[in-house]
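This note's numbering numbers the first residue of the sequence shown as 9 and each following residue consecutively. See structure below.
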Amino acid sequence: MQYHVNGELVPESEATVSVLDRGFMYGDAAFETLRVYGGDPFEWAAHRDRLGRTAEALGFADALPDDLRERVDETLAANDLTEAYCKVSVSRGVQPGKLTPGPEVDPTVVVIVKPLPRGGRDGERPWDGPATVQTVRTRRVPDEAVPADTKSHNYLNGILGRLELRRSAGDGTPADECLLRDTDGNLAEGATSNLFFVTENGLRTPSAELDLLPGVTRDIVMDLARDEGFPVETGAYSLDALRNADEAFLTNSTWEIRPIETVDGMGVGAGPMTKLLQRLYDERVEARHY
């Protein structure tokens with residue numbers, strides 16, 4: 009594999025950053041993960057805008073390179089990939105080892121890719137099966153502490169949640185995703201996913217006003233549901249609301265729409281709305297990229 013590091017394509021074995029890079033030292037960096045279908049990044053504008061918002065929150069929005077899309081295209085071409093996972097990272101760059109950042113920013117910009125199956129109507133799901141989900145004691149970091157709508161390199165919150173899954177599984181197989189709640193006990197999100205569930209009243213998902221990162225795929229799913237005339241509600245929900253749901257699924261750029269098989273061992277599963285939204289999502293990808 010070849011990756012893009014600071015404007016140059018380099019072999020994977022040489023794709024390194026400085027030990028003084030603030031992304032390495034403090035998690036002082038922004039990133040986006042996206043799918044590539046048919047050679048083009050899906051919803052590039054939405055991902056690029058969110059990357060800019062995160063960089064702005066961290067105080068280095070002006071450091072984002074104007075040719076970021078070109079670097080993505082070059083990385084895909086160098087690896088002969090048209091179906092891929094792509095991660096774009098921009099850190100504040102190399103600075104002296106002190107917590108307070110300096111005013112001058114020379115960013116470190118990295119693009120990595122790896123192959124994924126074809127998407128769309130004739131595509132293959134990138135996951136092995138419906139997800140098993142388990143709630144954890146780790147709570148979502150409050151927005152008052154770290155802005156919840158930023159996507160930074162500091163992912164300790166999600167890592168701690170995933171480690172809980174490993175510990176609770178013992179010698180067994182851990183759940184596929186942990187489910188984080190906010191400090192008030194409301195459902196928030198997975199470590200790397202947004203949550204949806206279906207009741208007799210329609211589609212439900214935790215509100216973006218709670219402590220969560222509203223995903224690009226989350227927005228698409230809500231648009232698809234509204235276009236079909238389905239009621240879509242965002243709000244504050246308890247764990248019981250999910251456990252009693254008729255259907256439930258997770259969303260992110262890589263998984264797209266992944267049904268939830270169980271929550272804390274209790275069966276939920278897919279259903280007609282989940283399957284319809286999957287089909288509509290596949291059709292949108294097909295129309296735009298194939």
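A virtual CB, placed ideally from N, CA and C, is assigned to each residue, including glycine.
Looking at the structure shown, is G101 part of a helix, part of a strand, or coil, going by DSSP? Position 93 of the sequence shown, counted from the first residue, corresponds to residue 101. Looking at G101 - three-state DSSP - the assignment turns out to be strand.
Pick from M274, R226, L84, G15: whose alpha carbon is nearest that of E51? Working through the sequence shown from its first residue, we reach residue 51 at position 43. Minimum Cα distance to E51 is reached at R226.
Find the nearest neighbour of A156 within the set R292, D190, V144, judged by alpha-carbon distance. Stepping through the sequence shown from its first residue, residue 156 is reached at position 148. Of the listed residues, the one whose Cα sits closest to A156 is D190.
Could you tell me whether the region 229-236 touches the region 266-274, where touching means 3 or more Cβ pairs closer than 8 angstroms? no
With a CB to CB cut of under 6 angstroms and the five nearest residues on each side skipped, what residues in its chain are close to G243? Taking the first residue of the sequence shown as 1, we reach residue 243 at position 235. Closer than 6 angstroms at the Cβ level, and outside the excluded window around G243, lie S215.
So E197 and L164 are supposed to be a Cβ contact under 8 angstroms. How far apart are they, rounded? Counting from 1 along the sequence shown, the entry for residue 197 is found at position 189. Counting from 1 along the sequence shown, the entry for residue 164 is found at position 156. E197 to L164, Cβ: 15 angstroms. No contact.
Over what stretch of residues does the beta strand (DSSP E) that includes Y45 continue unbroken? As a working note, residue 45 is residue 37 in the sequence shown. Taken as a continuous stretch (DSSP letters only), the beta strand (DSSP E) holding Y45 covers 37-45.
Could you check whether V118 and H12 sit closer than 8 angstroms to each other, using their CB atoms as the reference points? The residue you call residue 12 lines up with position 4 of the sequence shown. The residue you call residue 118 lines up with position 110 of the sequence shown. Yes; because the gap between Cβ atoms is below 8 angstroms, this pair is in contact.
To the nearest angstrom, report how far apart E132 and R147 are at their CA atoms. Here residue 132 corresponds to residue number 124 of the sequence shown, with the count starting at 1. Here residue 147 corresponds to residue number 139 of the sequence shown, with the count starting at 1. Rounded to whole angstroms, E132 to R147 spans 34 angstroms at the Cα level.
Alpha-carbon to alpha-carbon, P239 and N209: Start at 1 with the first residue of the sequence shown, and residue 209 comes out as number 201. Start at 1 with the first residue of the sequence shown, and residue 239 comes out as number 231. Rounded to whole angstroms, N209 to P239 spans 7 angstroms at the Cα level.
G237 - DSSP class collapsed to helix/strand/coil: Position 229 of the sequence shown, counted from the start, is the residue given in the question as residue 237. G237 falls in the coil class under three-state DSSP.
Looking only at C-alpha atoms, which of R58, I228, G15 sits nearest to D114? Reading the sequence shown from its first residue, position 106 is the one you call residue 114. It is G15 whose Cα lies nearest to the Cα of D114.
Counting Cβ pairs, one atom from each stretch, are 3 or more of them under 8 angstroms apart for the region 85-105 and the region 25-40? yes
Quick one: what's Y11 bridged to in DSSP? What you label residue 11 is simply residue 3 of the sequence shown in a count that begins at 1. Per DSSP, V18.
Please say whether G35 and N162 have beta carbons closer to each other than 8 angstroms? The residue given as residue 162 occupies position 154 in the sequence shown. The residue given as residue 35 occupies position 27 in the sequence shown. Yes, these two residues count as a Cβ contact at 8 angstroms.
Ends of the beta strand (DSSP E) at P115? Numbered from its first residue, the sequence shown carries residue 115 at position 107. Neither: P115 is in no beta strand (DSSP E) and is coded neither H nor E.
Which of helix, strand or coil DSSP assigns to R147: As a first step, residue 147 is located in the sequence shown; it is residue number 139 there, counting from the start. Of the three classes helix, strand and coil, the one that applies to R147 here is strand, per DSSP.
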